[in-house]
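Residue numbers (my numbering): 1 to 276. The beta carbon of each residue, even a glycine, is placed where N, CA and C say it ideally should be. Given the structure is predicted, the values throughout are model-derived calculations rather than measurements.
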Amino acid sequence: MVERILRSPSYIQADQDIDFLNRDDTRGVRLQLDYSKAELLLQQHGIEKTIVVFGSTRIVEPATAEAKVNQLREALAATPEDAEIQRRLFIAERILAKSHYYEVAREFGRLVAESGGGPKDSRLVVMTGGGPGMMEAANRGAHDAGAKTIGLNINLPHEQYPNPYITPELCFRFHYFALRKMHFMLRARALVAFPGGFGTFDELFETLTLVQTRKIHPVPVVLVGEHYWRKAFDIDYLVEEGVIDLEDRELFWYAETAEDIWEGIQCWYENNGESL
1 MVERILRSPS
11 YIQADQDIDF
21 LNRDDTRGVR
31 LQLDYSKAEL
41 LLQQHGIEKT
51 IVVFGSTRIV
61 EPATAEAKVN
71 QLREALAATP
81 EDAEIQRRLF
91 IAERILAKSH
101 YYEVAREFGR
111 LVAESGGGPK
121 DSRLVVMTGG
131 GPGMMEAANR
141 GAHDAGAKTI
151 GLNINLPHEQ
161 YPNPYITPEL
171 CFRFHYFALR
181 KMHFMLRARA
191 LVAFPGGFGT
201 FDELFETLTL
211 VQTRKIHPVP
221 VVLVGEHYWR
231 KAFDIDYLVE
241 EGVIDLEDRE
251 LFWYAETAED
261 IWEGIQCWYE
271 NNGESL
């Protein structure tokens, strides 16, 4: 009988009972833990302010993108009528056309890092979603400069590994997108969005909504790659349709180079009489 008691799920200590913690009615506890772990560790490491960088996980560095295109061109030459290879080649060529943004993000990460006081400086740190692609590039640039760099990974049905350029003690894994996005904004001094998909749009529009509705203090929002963003997000059409105000167009601006992004953020703070 005692053995049965010891094996009973009810006897497992609550904080060690994974099945109990994963129940629907303990969601509040999980939400609190998702918030608290990252918050306490960020405080412990003295992280005061962040520059948040978003963008596609699929946009890789130019050499990798070019190699993929060449591989598919060779495959298509062998089977010219293969519609699937044609489709994959078209997409690979579009990724290659955007791959220079990897270097822009990397250089921007370096500029932010070099504005600080070295490896031990936690006053202004690059923060990304922690994944590959554009996020890897920004983390990599800061890492190249020897600075701390933060990644906020998310638990997904398909495995997502953190990129190798995040400071190990500052790489976090979240269960809830909502808490992850909260941590993106809590210390953010700017949001920089490179070309991306649904995830990038989610994070961008949440930020724009928070600023527009004055739920947070305004922060500079920079969309990198004007040609991409004007096609993906037609702000003028929204104004014309009357669903946003004319002044909402001023919630962000476009940039093309790392220097443009960094100088624009600095000017935004100078013009608003605030310190970065």
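- Taking the CA atoms as reference points, Ile-18 sits about 43 Å from Pro-62.
- With a minimum length of 4 residues, the unbroken runs of alpha helix (DSSP H) contained wholly in the region 45 to 96 fall at 62 to 78.
- Residue environment: Arg-7 is assigned as exposed (fewer than 16 neighbouring CB atoms within 10 Å of its CB, all protein chains considered).
- Per DSSP, Asn-153 lies in no alpha helix (DSSP H); the unbroken beta strand (DSSP E) holding it starts and ends at 149 to 154.
- Note on geometry: alpha-carbon atoms of Val-112 and Asp-248 lie some 27 Å from one another.
- Within a 10 Å sphere around the beta-carbon of Asp-25 sit fewer than 16 other beta-carbons, which makes this residue exposed.
- Straight across, the Cα-Cα distance linking Tyr-254 with Ala-193 is about 10 Å.
- In summary, Tyr-237 is exposed, with fewer than 16 beta-carbon neighbours lying within 10 Å of its beta-carbon over all protein chains present.
- Counting of Cβ neighbours within 10 angstroms places Pro-132 among the buried residues, the total reaching 16 or more.
- Between Tyr-161 and Glu-136, the beta carbon gap of about 11 Å keeps them out of contact (Cβ cut-off 8 Å).
- According to the DSSP secondary-structure assignment, Arg-106 is paired through a beta bridge with no residue.
- The shortest C-alpha to C-alpha distance from Met-182 to any of His-45, Leu-152, Leu-170 is the one to Leu-152.
- Setting aside the 5 residues that flank it on each side, Pro-195 is surrounded in the same chain by Gly-55, Ser-56, Ile-59, Lys-98, Tyr-101, Met-134, Val-224, Gly-225, Tyr-228, Trp-229, Ala-232, each with a C-beta closer than 8 Å to its C-beta; the list follows chain order.
- Here Phe-252 is near Val-221, since their CB atoms are less than 8 Å apart.
- Gly-146 is positioned such that its CB atom lies closer than 8 Å to that of Gly-118.
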